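Chains H and U are the protein sequences, given in the same order. Everything in the first sequence is counted per the working numbering, starting at 3 for the first residue and increasing by one. Everything in the second sequence is counted per the working numbering, starting at -13 for the first residue and increasing by one. C-beta atoms are modelled at their ideal positions from N, C-alpha and C, and glycine is treated no differently. Bear in mind that the values here come from a model prediction, so they are computed numbers and not experimental data. The structure appears below as structure tokens.
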Amino acid sequence: MTETPTEDGGAQPETEDPTESGRPSVLVPLAVLEGESLPNGTPELLASAHVVLLGYHVIPEQTAAEQAREQFGETAMSKLGEFADRLAAAGSDVETRLVFTHDEGTTVDRLIYEHDCLAVLVPNSTERVESVLVALRGTVGVGRNTRLVAGLFSESDVEVTLYHALNEGESIADGESFLNGVRADLVERGMAPDRIEVVVEDADAAVDAIAGHGESHDAVVMGETDPSVTTFVFGMPSEQVAERFLGPVLVVQRERPEE
Amino acid sequence: MDDPDGSGDPDGSGDSVDSDASGPGIVGPAADVDVPDALADVVDADTGEGELERTIGLTGGLAIGIGTMIGAGIFVFPGLAAENAGPAASLSFAIGAVVALLVALPTSELATAMPRSGGGYFFISRGLGTAPGAIVGLGLWLGLVFASAFYLVGLGSYAGQVFLEAGIALPVDPAVPLGVAFGVGLTALSLFGTENTASLQNGIVTVLLVILTLFLSYGSLDALGVFGTESTPERFFPPGGLLPVLQTAALVFTSYLGFAQVATVAGDIKDPSRNLPLAMVASVLVVGVFYVVTVFVATSAFGSARLGEFGETAMVEVAREFIGFPGAIAIVIAGLLATFSSANASILSASRAVYAVSRDDLIPAAASRINLRYGTPHVALGLAGGPIVVLAATGQVELLAEVASFLHLVMYGLICVALIRLRRERPDWYTPSFRCPAGLVVAGVGAFASFALIAFMQPASIAIGSVVMTLSYVWYRYYAIDVDLEGDF
């Protein structure tokens, strides 16, 4: 085997939880055999992350998964290895997993659990990573957002814009005090205060607003959509944002219940 | 020619057996049978070429089993069976269910020890060696080809019935041409379709079970005289006594071929130690009960001879008798769905059978190539679809059914033999997480019953089946004599 920084994805001992050691786990799913490659800017964006690089290949029901693995496994693995090298060269620590599946949703969801991922990347390319829009909906689960943002960017000089679209019955002052709280938390976690901007807005359609604001940023961080819907990354609003914004979107995952 | 093969082979195969046997041996003791599925973990362990996502749950497994089976027993056979065996045809179906159960239990044990795609072929080639493996593997492919052709003729009959119900008179019996057309269509669909066939299958099976439960409940109550008039029962046994009943059991055994199909997708099933045995045994029980009740209802509506005249679509007339035109329409729709899902499932299984033998180098590797664009095994599907269409064109329902049963029964018998051998020899890699109760007895009786049932088939079916087996063996001698599969993982 060639020297790669990837680790075997099998049974990962729980001794060093990557999220505790400061590096947030981010899942990067790529349909390797359909020509999807690691988009530009991803290594820079995730330089401080623990990246779980998932190569997946969706096979139709009429084909046995083993059959596809036998034929395409090696090709897919070597492509995945290249991507892992690029990520590692930028500084992230990388684990690779390759899965042949009949249903990508099941696979992504399983890996989020197994690796306790804070966020999933919707892999789009960006030319540089200088400013990031962080869209926050409310206090519920906001700690995971701050952990991710601080984990990824506290050591860099990336500018972070915290954004909140007002919920019904909220005043501008409410929104600002919420975001200032988040900002304080980020500062406590090592972000420089002058790199954090705060924007509160009364927007009708949050998705449009986020995608619109995103255009003046290089990447977007936002939450998962609806806890009642099974938790696929490609769930609606984050997908819509990703489609319109065209840049990388980090979808912060809800806390997963213990299995 | 002996020298290079002879000297190279024992070393190679010896090595691989040793190293492989020690692998599971190490994992085995540490991973007792418990949650999470230790078995699946061992099989799915990343070999450096990626993992496999298991996506079929218990419901999916049941849908595969029931969906493959129910088409034939209810919608094609009742007329033919009643003609041969009278009301005792329900006994024929019951015998079939017992034989199927006797095989399903050992199959479950083997499947949990070797949850790979390939099913019966895989167990036999690993448990008994390459020669029986090759006969069964090629035989299973052709057995499924015969079964699919049989289902297609059934499907064609129901499609033809649609024209009849609509009052459109056709100059020729449309069953065979329509069956052929469906065969071409289904093969094309599985080549290019990326639709979610599994959820379609689940839906079809649910609709079917609802229609049948309503219809059979009504029919049973009526037959027992709860409303309407109690029907006068015919003499239970046919004039020939037990012999026609056993002959009919051999004929209708095709209705039980689906349970082992669950094992052919074992590699895709979640939590296989629990779900495989449950899905196999439960699907046999469910369809067995439906079959017995169906024949009871059918023979209480009409005399056996009359039923026989109605042929493949006898159930439509039974429904018309009880419930009138809406009943007939409901059964036509159910019949279309059932035979469609059986045919579709069997074509896919046949292609998986081709893959399984090709992976083991029993036939050229090109047969299992996957088309990267569609993700489907186009050669294997062609090897399944082509002969299926040709056979469907013959329209020989009973012959197709019996040859299919013959080839499957040989496999079932050998599965039982493989279980007995593995239980006796206890190789290191054999650590099933489900153990068949009274395994040796069940497998012994199962093997005997499977082979015995063959003896009651028509001479023509036995002859064709034997020719297929002989050709498979000749092919093995010619092409794959140096392949050693016993205990090879």
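Collapsed DSSP secondary structure at residue i in the structure displayed
| i | result |
| --- | --- |
| residue 117 (chain H) | helix |
| residue 57 (chain H) | strand |
| residue 225 (chain H) | strand |
| residue 471 (chain U) | coil |
| residue 139 (chain H) | coil |
| residue 117 (chain U) | helix |
| residue 52 (chain H) | strand |
| residue 195 (chain H) | helix |
| residue 99 (chain H) | strand |
| residue 160 (chain H) | coil |
| residue 31 (chain H) | strand |
| residue 248 (chain H) | coil |
| residue 129 (chain H) | coil |
| residue 104 (chain H) | coil |
| residue 394 (chain U) | helix |
| residue 424 (chain U) | coil |
| residue 331 (chain U) | helix |
| residue 165 (chain H) | strand |
| residue 460 (chain U) | helix |
Min CB distance residue i to chain U below 8 Å
| i | result |
| --- | --- |
| residue 258 (chain H) | no |
| residue 117 (chain H) | no |
| residue 146 (chain H) | no |
| residue 31 (chain H) | no |
| residue 100 (chain H) | yes |
| residue 61 (chain H) | yes |
| residue 219 (chain H) | no |
| residue 205 (chain H) | no |
| residue 67 (chain H) | yes |
| residue 105 (chain H) | yes |
Beta carbon proximity, residue i to chain H, threshold 8 Å
| i | result |
| --- | --- |
| residue 244 (chain U) | no |
| residue 307 (chain U) | no |
| residue 254 (chain U) | yes |
| residue 38 (chain U) | yes |
| residue 356 (chain U) | yes |
| residue 468 (chain U) | no |
| residue 192 (chain U) | no |
| residue 341 (chain U) | yes |
| residue 489 (chain U) | Residue coverage of chain U in this structure runs from -13 to 475, which leaves residue 489 (chain U) outside it and unanswerable. |
| residue 472 (chain U) | no |
Outcome for residue i when other beta-carbon atoms lying within 10 angstroms are tallied against a minimum of 16
| i | result |
| --- | --- |
| residue 118 (chain U) | buried |
| residue -6 (chain U) | For residue -6 (chain U), the predicted model reports a pLDDT of 38, less than 50, meaning its position is unreliable; a value from the coordinates is still stated below. Its Cβ having fewer than 16 others within 10 Å, residue -6 (chain U) is exposed. |
| residue 189 (chain U) | exposed |
| residue 159 (chain H) | exposed |
| residue 169 (chain H) | exposed |
| residue 374 (chain U) | buried |
| residue 380 (chain U) | exposed |
| residue 39 (chain U) | buried |
| residue 49 (chain U) | buried |
| residue 201 (chain U) | buried |
Residues of its chain near residue i, where Cβ-Cβ distance is below 6 Å and the 5 sequence neighbours each way are ignored
| i | result |
| --- | --- |
| residue 285 (chain U) | 68, 73 |
| residue 222 (chain U) | 73, 74 |
| residue 161 (chain H) | 133, 197 |
| residue 94 (chain H) | 48, 49, 51, 53 |
| residue 143 (chain U) | 161, 298, 299 |
| residue 193 (chain H) | 152, 156 |
| residue 267 (chain U) | 90 |
| residue 391 (chain U) | 239, 240 |
| residue 429 (chain U) | 92, 402, 405, 406 |
Chain-order list of residues whose beta-carbon lies under 8 Å from that of residue i (same chain, five-residue window excluded)
| i | result |
| --- | --- |
| residue 41 (chain H) | 125, 126, 127, 128, 250 |
| residue 120 (chain H) | 21, 26, 27, 28, 146, 149, 150, 153, 254, 255 |
Same chain, Cβ closer than 7 Å to residue i, neighbours up to 5 away in sequence not counted
| i | result |
| --- | --- |
| residue 435 (chain U) | 85, 88 |
| residue 78 (chain U) | 67, 71, 231, 234, 235, 238 |
| residue 193 (chain U) | 323 |
Return the residues of the region 358 to 385 of chain U that lie within a Cβ-Cβ distance of less than 9 Å from chain H, sorted by chain order.
-> Residues of the region 358 to 385 of chain U with a C-beta less than 9 Å from any C-beta of chain H: 358, 360, 361, 362, 363, 366, 367, listed in chain order.
Listed in chain order, which residues of the region 324 to 338 of chain U have Cβ atoms closer than 8 Å to some Cβ of chain H?
-> 334, 337, 338
Going along the region 72 to 91 of chain H in order, which residues come within less than 8 Å of chain U, judged by CB to CB distance?
-> 72, 73, 74, 75, 76, 78, 79
Listed in chain order, which residues of the region 73 to 106 of chain U have Cβ atoms closer than 8 Å to some Cβ of chain H?
-> Answer in chain order: 102, 103.
Contact residues within the region 155 to 176 of chain U, judged by C-beta distance below 7 Å to chain H = 176
Could you run through the region 54 to 74 of chain U and flag, in chain order, every residue whose CB is less than 9 Å away from some CB of chain H?
-> From the region 54 to 74 of chain U, no residue has a Cβ closer than 9 Å to chain H.
Mind checking the region 111 to 123 of chain U against chain H and listing, in chain order, the residues whose C-beta falls within less than 9 Å of any C-beta there?
-> none
Using a Cβ cut-off of 7 Å, which residues of the region 279 to 305 of chain U contact any Cβ in chain H, in chain order?
-> Within the region 279 to 305 of chain U, no residue has a Cβ that lies closer than 7 Å to any Cβ of chain H.
According to a CB-to-CB cut-off of less than 7 Å, which residues of the region 41 to 54 of chain U neighbour chain H?
-> 41
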